[in-house]
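Asker: Pasting a structure below so you can have a look.
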């Protein structure tokens, strides 16, 4: 079998012809190192460009397939830390992974993948039924108050957590401040990214054998986390969002009447007092019965008084019966209109 040609001249970089694209490229920079005895120059016979063209870093099957061709191991913890490092450096994750692999696992082959570390199955969240009624209500409340979706371009698995956090920040001062509102949204997004960094750190540090090998990845994750926390704290201080720096403190903001007022201003109708429930609850009825009995004992009414009361009660009953009939008819007509409206849509 003909060997890929390698050209060398004085003061000229070594060249090698790629067996895929048949182009002559720099041996030291355009080819990955090889641990195969069949590569005399210790470089793989296919260039980086051709290998990357057939590799999708978002697809683990594609990543594993290319690693099998390169005879390099797939290590879950190293791949996770490399993804975070690549995101921080804005570079290609696969190329960075191969470099990290050559440093930490130089002598390992693809057959050693499962022997190096335990690859834990990652549970996938079911997006369709993962949200409960409260999550749905929080999302609807945020969109109604802001009149747009602040997380339209976020990943579906992150939206529930983002809305649940943002709804806690949306008070009167935030909604009325055009500078504070974007800062709050940015803080919520940053906290969500910090949570992901914490998850990646937990997965790496849970494997004692991989911690020392992934020291660079751990350092990169910690550095990224510190920078994001520093940015969040600065935003909170500049916009008076945290408790220590709140510049919109007002008396009564945390009282029941203050909370109900804020809910009314946000258009949350569930905050309306339900008089029917109050008047018909057992406790309130018991208090009313005791109060009425005490009044009757003190009044000492005679027969004429009772007759007059019965007459007034009869007039009131007739009036209420008439009002009830009218309201029932109005209710019936409203149901007809609603049904007609639903049929049209």
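In our numbering, the protein residues as written are 34 to 378.
Every residue, glycine too, gets a C-beta built ideally from N, C-alpha and C.
Please work out which residues of its chain come closer than 8 Å, Cβ to Cβ, to residue 264, disregarding the five sequence neighbours upstream and downstream, and give them in chain order.
Answerer: To locate residue 264, count along the chain shown from 1; it is residue 231. Within the same chain, and ignoring the five residues on either side of residue 264 in sequence, the residues whose Cβ sits closer than 8 Å to its Cβ are 223.
Asker: Less than 8 Å between the C-beta atoms of residue 196 and residue 175, yes or no?
Answerer: Here residue 196 refers to the residue found at position 163 of the chain shown. Here residue 175 refers to the residue found at position 142 of the chain shown. Judged by beta-carbon spacing, residue 175 lies within the 8 Å limit of residue 196, meaning their Cβ atoms are closer than that value.
Asker: Which of the three DSSP states, helix, strand or coil, is assigned to residue 105?
Answerer: Counting from one through the chain shown, the residue named residue 105 turns up at place 72. The answer is coil: DSSP assigns residue 105 none of H, G, I, E or B.
Asker: Let's test the definition: count the other Cβ atoms within 10 Å of the Cβ of residue 213 and tell me whether it reaches 16, buried, or not, exposed.
Answerer: Position 180 of the chain shown, counting from 1, holds the residue named residue 213. The residue is buried, with at least 16 neighbouring Cβ atoms inside 10 Å.
Asker: Please report the distance separating the alpha-carbon of residue 74 from that of residue 257.
Answerer: Taking the chain shown and counting its residues from 1, one reaches residue 74 at position 41. Taking the chain shown and counting its residues from 1, one reaches residue 257 at position 224. If you take the alpha carbons of residue 74 and residue 257, they lie about 38 Å apart.
Asker: What did DSSP end up calling residue 260 once you bin it into helix, strand or coil?
Answerer: The sequence position of residue 260 within the chain shown is 227, counting from 1. In this structure, residue 260 counts as helix in the three-state DSSP scheme.
Asker: Counting beta carbon pairs with one atom in the stretch 165–174 and one in the stretch 193–211, are three or more of them shorter than 8 Å?
Answerer: yes
Asker: From residue 337 to residue 325, what does the alpha carbon distance come to, in whole angstroms?
Answerer: Along the chain shown, read from residue 1 onward, the residue named residue 337 stands at position 304. Along the chain shown, read from residue 1 onward, the residue named residue 325 stands at position 292. Approximately 20 Å, taken between the alpha carbons.
Asker: What number of angstroms, rounded off, separates the C-alpha of residue 369 from the C-alpha of residue 230?
Answerer: Within the chain shown, residue 369 is the residue found at index 336, counting from 1. Within the chain shown, residue 230 is the residue found at index 197, counting from 1. C-alpha separation (whole angstroms): 55 Å.
Asker: Going by other Cβ atoms of all chains shown within 10 Å of its Cβ, with 16 needed for buried, is residue 343 buried or exposed?
Answerer: Mapped onto the chain shown, residue 343 falls at position 310. Counting Cβ neighbours within 10 Å, residue 343 comes out exposed, since fewer than 16 surround it.
Asker: At the level of alpha carbons, what is the spacing between residue 163 and residue 139?
Answerer: In the chain shown, residue 163 corresponds to position 130, counting from 1. In the chain shown, residue 139 corresponds to position 106, counting from 1. Summary for residue 163: the model assigns pLDDT 47, below 50, so the residue's position carries little reliability; its value from the coordinates is reported in the next sentence. Cα to Cα, the separation comes out at about 42 Å.
Asker: In this structure, how does DSSP classify residue 180 when only helix, strand and coil are distinguished?
Answerer: Counted from its first residue, the chain shown places residue 180 at position 147. DSSP places residue 180 in coil when its eight states are reduced to three.
Asker: Name the one or two DSSP bridge partners that residue 76 has.
Answerer: On the chain shown, position 43 is the one that residue 76 refers to. According to DSSP, residue 76 bridges with 66.
Asker: Just to confirm the assignment, what range does the alpha helix (DSSP H) spanning residue 352 have?
Answerer: Here residue 352 refers to the residue found at position 319 of the chain shown. That run of the alpha helix (DSSP H) goes 336–377.
Asker: Beta-carbon separation of residue 220 and residue 262 under 8 Å?
Answerer: One-based indexing of the chain shown puts residue 220 at position 187. One-based indexing of the chain shown puts residue 262 at position 229. Result no, Cβ atoms of residue 220 and residue 262 do not sit closer than 8 Å.
Asker: Alpha carbon to alpha carbon, what distance is there between residue 94 and residue 57?
Answerer: As a working mapping, residue 57 is identified with position 24 in the chain shown. As a working mapping, residue 94 is identified with position 61 in the chain shown. Computed Cα separation, rounded: 30 Å.
Asker: Considering only the alpha carbon of each residue, which of 316, 90 and 168 lies closest to residue 192?
Answerer: Position 159 of the chain shown, counted from the first residue, corresponds to residue 192. It is 168.
Asker: What are the start and end residues of the alpha helix (DSSP H) that includes residue 213?
Answerer: Taking the chain shown and counting its residues from 1, the one referred to as residue 213 is at position 180. DSSP places residue 213 in the uninterrupted alpha helix (DSSP H) bounded by 213–238.
Asker: With DSSP as the reference, please indicate the residues paired to residue 251 in a beta bridge.
Answerer: Taking the first residue of the chain shown as position 1, residue 251 is located at position 218. Note: residue 251 sits in no beta bridge, so no partner.
Asker: Tell me, please, which residues DSSP counts as bridged to residue 50.
Answerer: For the purposes of this step, residue 50 is taken as the residue at position 17 of the chain shown. Residue 50 pairs with 57.
Asker: According to DSSP, is residue 89 part of a helix, a strand, or is it coil?
Answerer: Translated into the one-based positions of the chain shown, residue 89 becomes position 56. In the structure shown, residue 89 falls within a coil segment according to DSSP collapsed to helix, strand and coil.
Asker: In whole angstroms, what separates the C-alpha of residue 273 from that of residue 207?
Answerer: Numbered from its first residue, the chain shown carries residue 273 at position 240. Numbered from its first residue, the chain shown carries residue 207 at position 174. Going by the C-alpha atoms only, they are around 10 Å apart.
Asker: Would you tell me roughly how many angstroms separate the C-alpha atoms of residue 376 and residue 366, rounded to the nearest one?
Answerer: If you number the chain shown from 1, residue 376 lands on position 343. If you number the chain shown from 1, residue 366 lands on position 333. Each residue's Cα considered, the two are about 15 Å apart.
Asker: Look at the Cβ atom of residue 80, then the Cβ atom of residue 111, and state whether they are nearer than 8 Å.
Answerer: Your numbering for residue 80 matches position 47 in the chain shown. Your numbering for residue 111 matches position 78 in the chain shown. In this structure, residue 111 does not lie closer than 8 Å to residue 80 by Cβ.
Asker: Use the C-beta contact count for residue 189: other C-beta atoms within 10 angstroms, 16 or more gives buried, fewer gives exposed.
Answerer: Mapped onto the chain shown, residue 189 falls at position 156. By the 16-neighbour rule on beta-carbons within 10 angstroms, residue 189 is exposed.
Asker: Output the distance between the C-alpha atoms of residue 328 and residue 339, rounded to the nearest integer angstrom.
Answerer: Here the question's residue 328 lines up with position 295 in the chain shown. Here the question's residue 339 lines up with position 306 in the chain shown. Rounded to whole angstroms, residue 328 to residue 339 spans 14 Å at the Cα level.
Asker: Hey, quick one: how far does the alpha helix (DSSP H) through residue 129 stretch, first residue to last?
Answerer: Numbered from its first residue, the chain shown carries residue 129 at position 96. That run of the alpha helix (DSSP H) goes 126–137.
Asker: For the alpha helix (DSSP H) that contains residue 197, what are its first and last residues?
Answerer: Numbered from 1 along the chain shown, position 164 holds the residue referred to as residue 197. 189–199 is the extent of the alpha helix (DSSP H) around residue 197.
Asker: Quick one: what's got a C-beta closer than 7 Å to residue 97's C-beta in the same chain, skipping five residues either side?
Answerer: In the chain shown, counting from the first residue as 1, residue 97 sits at position 64. 107.
Asker: Going straight from the alpha carbon of residue 86 to that of residue 180, what length do you get?
Answerer: Along the chain shown, one-based indexing puts residue 86 at 53. Along the chain shown, one-based indexing puts residue 180 at 147. Distance between the alpha carbons of residue 86 and residue 180: 43 Å.
Asker: Can you give the beta carbon distance from residue 143 to residue 101, rounded, assuming they're within the 8 Å contact cut?
Answerer: Walking along the chain shown from the start, residue 143 turns up at place 110. Walking along the chain shown from the start, residue 101 turns up at place 68. Correct: roughly 5 Å between the Cβ atoms.
Asker: Nearest to residue 250 by CA position, among 233, 259 and 260, is which residue?
Answerer: Working through the chain shown from its first residue, we reach residue 250 at position 217. That would be 233, whose Cα lies nearest to the Cα of residue 250.
Asker: Output needed for residue 119: all residues of its chain with C-beta closer than 6 Å, excluding positions within five of it in sequence on either side, in chain order.
Answerer: Counted from its first residue, the chain shown places residue 119 at position 86. 126 and 129, listed in sequence order.
Asker: Whole angstroms are fine: how far does the CA of residue 78 sit from the CA of residue 385?
Answerer: Residue 385 lies beyond the residue range present for the chain, which begins at 34 and ends at 378; the question has no answer from this structure.
Asker: DSSP on residue 278, reduced to helix/strand/coil?
Answerer: Start at 1 with the first residue of the chain shown, and residue 278 comes out as number 245. Low confidence applies to residue 278: its pLDDT is 44, below 50, so where it sits in the model is not reliable enough to give any reading.
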